[in-house]
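First residue of the sequence shown: 58, per my numbering; consecutive thereafter.
For every residue, glycine included, the Cβ atom is placed at its ideal position computed from N, Cα and C.
Keep in mind it's a predicted model, so treat the numbers as computed, not measured.
Below is one structure; the comments refer to it alone.
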Amino acid sequence: MNISNIVLHRLSVPLPRAVRTSIHNHTHADTVVVEMRAGDHVGVGYCFAFGAHRARALAALTEDLTPFYQGKPVSAVSANFEAAWRSINFVGHTGAVMMALSALDTACWDLAARAAGLPLFRYLGGACARVPTYASEGLWVDYSVDELLKEASAFRAKGHRAMKMRIGGREPADDLERVRLLREAIGPDVKLLADVNQGWDEPTAIRVGRRLQAHDLYWIEEPLPYEDLEGCARVAAALDMRVASGETEYGSLAMKRHLDLRVADVLMPDLQRMGGITEYRRAAELCRAYHQPVSSHLFMEASAHVLAAAPNGLILEHMDWWQPLFTEALRLEEGCVVLSENPGIGLDLDRKALDRFKA
Ligand SMILES: [Mg+2]
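The following block contains the structure:
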């Protein structure tokens, strides 16, 4: 069976609430959706940027790579990826072109699993449909303490047993107090993660990180600017709690550099910066070879399947920004995403949403 048709949709997806972290302030996710068809099957992938002009550039790059998929065998997922990968050598295996490739590669894996009649996690060799997850769609730095506590209890009511707050955009004393109050409110049984979004320098990360450990954080994320690998490794060595990082880097070989330097205790490869499922799986395998767990960043619809199939999958970032694009939500039960037995990613695009969010 060959890929018969590839359609791109440029969308402006409104975020449920403006994203405020130590480095972000956004209201929309400017998204490029790929629909890849073969027979009656449709595979789905997407990439995004903050900013309509940048999303237009992503759409142009995605369009440019479609000849590596159009008319090619659905089952040749890796070979199709490899040809596209070789073709981008000059522009580089990094940046926007990797995001474009990711949307196509992910759509192709989804399509191949659908054509095989299997949910993607089973197509990838997995057996368990449950993936531990944490709520990531909130607890922003601009919240009042009341808003933090209210959202934390809403997350619990939805079935979450782990959640991530953002810190690093305020005075450390303020962050420490907010973490203390949130931990006190949610109790000892809920996992609490904190994302600094690269907002600290090394001495701050070590000093404040040591004090945060009293509040039993599951992990602290991106304490330093993402490119300071050696600094982050020193922070990870100085702290007893897990340090997570890796979401801002491109391709599985960047993950290998992180692993070689012991930059963090948990890597969280970003599906679109990896270049799609092909490279995300390689990143997960590399983590396994280095005896480290692997997590995810955004793109939960596809990432959940990769983590479900990875023996070292730790926890999935639950980020519902693109949920309105699909006809149903991912099922959440007792702190786990429970994957559907429908073929592929198990979710279908909502045609009305594609019209509603058209850019
Ligand atoms: Mg993060």
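Our two residues, LEU72 and GLU336, have alpha carbons roughly 28 Å apart in a direct line.
It is roughly 7 Å from the alpha-carbon of GLY308 to the alpha-carbon of THR151. Taking HIS375 as the centre and dropping the five residues before and after it, the same chain places the C-beta of THR190, TYR191, ALA192, SER193, GLU194, HIS217, MET357, LEU387, LEU389, VAL394 closer than 8 Å to its C-beta, in chain order.
MET331 is the residue among CYS104, ASP203, MET331 whose C-alpha sits nearest the C-alpha of LEU310. The beta carbon of PRO368 sits closer than 7 Å to those of ARG345, all from its chain and outside the five residues before and after it, given in chain order. With fewer than 16 other CB atoms across the displayed protein chains lying within 10 angstroms of its CB, ARG264 is exposed. Between the stretch 318–333 and the stretch 173–188, the count of C-beta pairs closer than 8 Å stays below three; the two stretches do not touch. Judged by DSSP secondary structure, PRO229 falls within the alpha helix (DSSP H) whose first and last residues are 229–243. Here the alpha carbons of ALA290 and ARG240 stand approximately 27 Å from one another. In this structure, ALA214 lies away from LEU250, with their beta-carbon atoms at least 8 Å apart. Between GLY401 and ARG171, the gap from beta carbon to beta carbon is short of 8 Å.
Using a cutoff of 7 Å, the CB of ASN254 counts as near ligand 1, since one of the ligand's heavy atoms is closer than that. ALA169 is positioned such that its CB atom lies closer than 8 Å to that of SER132. In this structure, the alpha-carbon of ASP246 lies about 23 Å from that of VAL198. The alpha-carbon separation between ARG67 and LEU286 amounts to approximately 35 Å. A check of alpha carbon separations from ARG111 across VAL154, ALA95, VAL91, ALA75 identifies VAL154 as the nearest.
LYS221 sits close to LEU196, with the two beta carbons spaced by under 8 Å. GLU304 has its Cβ nearer than 7 Å to a heavy atom of ligand 1. When the five nearest sequence neighbours on each side are left out, the beta carbons in the same chain lying within less than 7 Å of the beta carbon of SER69 are those of HIS85, ASP87, ALA109, PHE414, ALA416, in order along the chain. The residue from THR78, VAL188, ASN59, ILE145 with its alpha-carbon nearest to that of ARG94 is ASN59. For PRO189, the enclosing beta strand (DSSP E) covers residues 187–192. Just measuring C-alpha positions, the residue of LEU115, GLY333, TYR180 sitting nearest LEU161 is GLY333. Counting along the chain, GLY102 sits inside the beta strand (DSSP E) bounded by residues 98–106.
The Cβ atoms of GLU278 and ASP258 lie no closer than 8 Å to each other. Between ligand 1 and GLU234, a heavy atom-to-CB distance of less than 7 Å is absent.
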